[in-house]
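Numbering that gives the first Met the number 0 applies: residue 0 is where the sequence shown begins, and numbers increase by one.
Cβ atoms here follow ideal geometry from the backbone N, Cα and C, with glycine treated the same way.
From a predicted model like this one, the values you see are computed outputs, not experimental measurements.
Presented below is the structure to which this report refers.
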Amino acid sequence: MATFILGVANPKLVLLYLLASSFVNTSTSATCKEYRGGTSTIFGYEVHRYVCCNNCPDTDRTCDRITYQGGSRNSYCSTCGNTAYSSHAFRRSFQCTNCRSQSYAVSACSDYDYGGGCWKWADCFKRNCRSSARRKREAGGSMCGDGVCGSDESALECPMDCCPLINNATCGNTYKCTPECCGEPTCCNSTSTDSGVLKRPEQMIILATVITAIVILTGNLLFQ
């Protein structure tokens with residue numbers, strides 16, 4: 000309606016409007032959110048991680064409500080990239096092109112299941128759900144998340160594959176869950192040592208204290 004009125008008033012203006020519109024990228028990129036399904040306050044491990052993507056702004060919404068995850072087949076996602084569980088903690092958000100790219104990322108990461116509580120599957124999904132990652136793979140390039148640091152990869156763009164070469168002592172166990180800083184370009188060569196399993200020294204102390212208390216209590220009950 001606005002274009003019609005503009006065209007009646009000045010045909011040259013509507014021509015300029017249509018020309019400018021042809022250069023504008025109107026496609027959307029889904030915002031995906033990674034959630035954590037709970038944490039043990041005593042032992043410090045993360046129960047489950049999963050990703051929900053907001054495909055509602057896109058014309059293709061066939062993948063709405065799909066839960067992207069490793070280690071589980073349960074459904075945790077509500078519509079438009081939200082979790083269905085208010086108690087589940089939000090971790091981070093990232094851009095993911097569309098349903099096609101999300102489907103590609105699932106197939107790319109499906110052979111590398113590190114368990115639902117590990118950071119690796121969600122990170123693999125994040126790095127492969129962009130259309131650029133799919134095009135790179137289709138052109139014969141390396142896939143980030145396959146456990147191999149290719150000649151076209153580095154710790155900057157694919158730390159989960161390349162950190163084992165830089166810091167093998169901490170990140171060398173490629174096919175099992177390693178400290179989460181192995182997914183950062185620093186490759187754990189810093190003060191950050193978030194493992195995603197037992198994360199902080201004080202948690203180890205608490206765990207040792209709990210185990211000691213259980214042993215003492217069990218001994219007292221046996222000798223009463």
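Alpha carbon to alpha carbon, what distance is there between residue j and residue i?
| i | j | result |
| --- | --- | --- |
| S100 | T61 | 13 Å |
| D63 | S102 | 12 Å |
| D112 | S106 | 11 Å |
| R35 | R133 | 26 Å |
| S141 | E156 | 11 Å |
| L164 | S153 | 10 Å |
| C123 | C51 | 14 Å |
| Y174 | G114 | 11 Å |
| K135 | C98 | 18 Å |
| N81 | R91 | 12 Å |
| G116 | R48 | 6 Å |
| N167 | G182 | 13 Å |
| N172 | P158 | 13 Å |
| T185 | P178 | 12 Å |
| Y84 | T78 | 12 Å |
| I65 | S131 | 22 Å |
| N127 | G149 | 15 Å |
Can you tell me whether residue i is helix, strand or coil according to DSSP?
| i | result |
| --- | --- |
| S92 | strand |
| A168 | helix |
| E183 | coil |
| E156 | coil |
| T78 | helix |
| R64 | coil |
| I41 | For I41, the predicted model reports a pLDDT of 47, less than 50, meaning its position is unreliable and no value from the coordinates is stated. |
| C31 | strand |
| R72 | coil |
| C51 | strand |
Below 8 Å on the Cβ atoms is my guess for residue i versus residue j; work out the distance and round it to an integer in Å.
| i | j | result |
| --- | --- | --- |
| W120 | G69 | 3 Å |
| C187 | C180 | 4 Å |
| C95 | R129 | 7 Å |
| F93 | K125 | 5 Å |
Is the region 29-36 close to the region 49-64, with three or more CB pairs under 8 Å? Yes: the two stretches touch, three or more of their Cβ pairs being nearer than 8 Å.
Inspect the CB distances between the region 143-150 and the region 73-83 and report whether three or more fall short of 8 Å. No contact exists between the region 143-150 and the region 73-83.
4 or more residues per run - each alpha helix (DSSP H) lying fully within the region 102-157: You should have 119-127, 130-137.
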